[in-house]
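So our numbering is basically just the index in the sequence shown, starting at one, shifted up by 1.
Note that the Cβ used here is the ideal one computed from N, Cα and C, for glycine as well.
See below for the structure under consideration.
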Amino acid sequence: MTIQTDTSDIVIFDTTMRDGEQSPGASMTHAEKLNLAELLESMGVNVIEAGFPASSVGDFEAVRDIARRSRDSVICGLARSTPGDIDRCGEAVREAARPRIHTFISTSPVHMKHKLQMGPNAVLEAVGRSVAQARNLVDDVEWSAEDATRTEFDFLCKCIDAAIVAGATTINIPDTVGYSHPEEYGRLIRSLRETIPNSDKVIWSTHCHNDLGLAVANSLAGVSNGARQVECTINGLGERAGNAALEEIVMALNVRHDSLPYSTKVDTRKLSSASLMVSRITGFPVQYNKAIVGKNAFAHESGIHQDGMLKNAETYEIMKPEDVGVSKTSLVLGKLSGRHAFNDKLISLGYELDKDSLNAAFKRFKALADRKKHIFDDDILALVDDQLSALGERITFKSLRVVAGSEGPQSADLKVEVDGTPHEASCEGNGPVDAVFNAIRVIVPHTSKLDLFQVHAVTGGTDAQAEVSVRLKGEGIMAMGRASDPDTLVASAKAYINALNKLEARRLKRVAA
Ligand code: KIV
Ligand code: ZN
């Protein structure tokens, strides 16, 4: 297969669900992954790395189901170079309209010696064997040299050559530990392309980690030197300091087309929704001053700036908020809005729900509209995310009555159902939140510890919904739960229960695996 490399089109490869999910605490449920994949596909992302099928039953099922639903995007799974991993990955992506296997092995001296405990010859042999096996299963095979930027150049060339000879169609050069800098990384991509025979038969790809804050700059340097695929994640999620942020790559190419004359297919107006969705799913807040998608990215505070903006937005804005999907006014629906308008709004926010889910979401919307006068985009997003993340839960919240205030003791009367059976408990605590969590612990005894408790107001105003994130940690597993409600304590109880359900589901999957 001949692949054109003299193109200015950049393949955007999203690895939020694989490298992003490797971030401690950033786990996603099956339903959340399906939704995110749907949004990424509708956004025009070319390749979606949906998971690491051999790592768990959950990952396998997520990749398989995303593959089944895919239309245009290539659906990719990650595999180590072992025959078992590659078979499992091939099985998971098999039903995709466009399947890809992404296989990798470490090539740097430090990784080969300490991690793999393999010599260079054995690694080289594994490269050819793994790529050939993958090519027997699918036509589209990506090969990565893990820790490429700390690999000896001649050995890296030999491995890449072996991968191309065995049939790899994309060659990825990861800066696994985020050690490189733009000039060096760009030079590496160029030298590899110039040295390796048949380098024009493959697509060269960047995969840069952000340990020195250089992931986006390094990826762009790679592009300027001939890479035509960029691996990145929404909000820059990923191992340690994360990966190159998709929204930053796409907007840099978009805004600076004058000196970076490359194009992507990504619909930039969906960047904001994607960022919100990933932040909600993982419970990782987006830094206020984060480029492109931070709350302050388009806020002008100082008088001089505001004055300039009023005269002409170009004085201080290099892109328009609408270009990345930030609407000027996000006041949307009210009590009288119908199902159709509600569904249109959901679609514009990146959610396409089936009939039952839509009916349930609409019911929740109506209940919220009865309690809250103005419903904003963020309220709708919180509501739908809540519903999706609670799908199939064994423990469900029923009701809560709390005594709070300066005169103790604070107490909570909680009712829940476990597998459909009603349970209740009344507990005191050191404050109302403690009382609520104690009641949950009485009904569902567990040893997991509370690792994080976070409250945000979904919108402004005293009637704003509270969005609570709870992270539980136990037996080496972590789970993030979240919920929103106009009542902060109800949201806290629901978020804790959500985390507990996820922890239990993950524990069962681990046992099954
Ligand atoms: O950072 C890395 O090296 C990776 C590879 C598995 C591609 O994520
Ligand atoms: Zn990585």
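- Under the three-state reduction of DSSP output, M481 falls in the strand class.
- Remark: three or more beta-carbon pairs, one from each stretch, lie closer than 8 Å, so the region 205-223 and the region 181-188 are flagged as touching.
- Judged by beta-carbon spacing, M278 lies within the 8 Å limit of L40, meaning their Cβ atoms are closer than that value.
- Using a cutoff of 7 Å, the CB of S145 counts as near ligand 1, since one of the ligand's heavy atoms is closer than that.
- Between the alpha carbons of V203 and I172 lies a distance of about 7 Å.
- Nearest C-alpha to P175 among I165, I190, G477: I190.
- Around the beta carbon of P54, a 10 Å sphere encloses 16 or more other beta carbons of the protein chains shown; the residue is thus reported as buried.
- In the structure shown, the three-state DSSP call for G243 is coil.
- Fully enclosed beta strand (DSSP E) runs of no fewer than 3 residues occupy 396-404 of the region 375-417, in order along the chain.
- Going by beta carbons, T104 and S82 fall inside the 8 Å limit.
- N173 is bridged by DSSP to S145, S206.
- In the three-state reduction of the DSSP assignment, E249 falls in the helix class.
- M481 is positioned such that its CB atom lies no closer than 8 Å to that of G243.
- The region 402-421 and the region 364-376 do not touch, with fewer than three beta-carbon pairs separated by less than 8 Å.
- Bridge partners of E50 according to DSSP: C77.
- Residue pairing by DSSP puts V419 in a beta bridge opposite I396, T422.
- Contact between the region 132-139 and the region 155-172 is present: 3 or more CB-CB pairs across the two stretches fall below 8 Å.
- Ligand 2 never approaches G243 closely enough for any of its heavy atoms to be under 7 Å from the residue's Cβ.
- Counting the other Cβ atoms within 10 Å of the Cβ of Q466 gives 16 or more, which makes it buried.
- In the three-state DSSP reduction, P487 falls in the coil class, being neither helix nor strand.
- Within the region 426-468, the beta strand (DSSP E) runs of at least 3 residues that lie entirely inside it are, in chain order, 450-458.
- Relative to ligand 2, even the nearest heavy atom lies 7 Å or more away from the CB of G335.
- Each of P487, T460, D86, D452 was checked against the Cα of L504, and the nearest Cα belongs to D452.
- Within the same chain, Cβ atoms closer than 7 Å to the Cβ of A27 are found at G21, L238, T283, F285, the five residues on either side in sequence being excluded.
- Under DSSP, I13 forms a beta bridge with V231.
- In the DSSP assignment, P121 forms no beta bridge with any residue.
- Taking C-alpha positions only, V132 is separated from N344 by approximately 45 Å.
- Counting the other Cβ atoms within 10 Å of the Cβ of Q288 gives fewer than 16, which makes it exposed.
- The closest heavy atom of ligand 1 lies 7 Å or more from the beta carbon of T234.
- Under the three-pair Cβ rule at 8 Å, the region 58-71 does not count as touching the region 110-127.
- For H103, DSSP records a beta bridge to L79, E143.
- For L247, same chain residues with a beta-carbon under 7 Å away, outside a window of 5 residues either side, are I13, D15, C233, T234, I235 in chain order.
- Contact annotation, S493 with V459: C-beta distance approximately 14 Å; criterion of less than 8 Å not satisfied.
- H208 and V178 do not touch by the CB rule: their CB atoms are close to 12 Å apart, not below 8 Å.
- In this structure, A97 lies near A68, with their beta-carbon atoms less than 8 Å apart.
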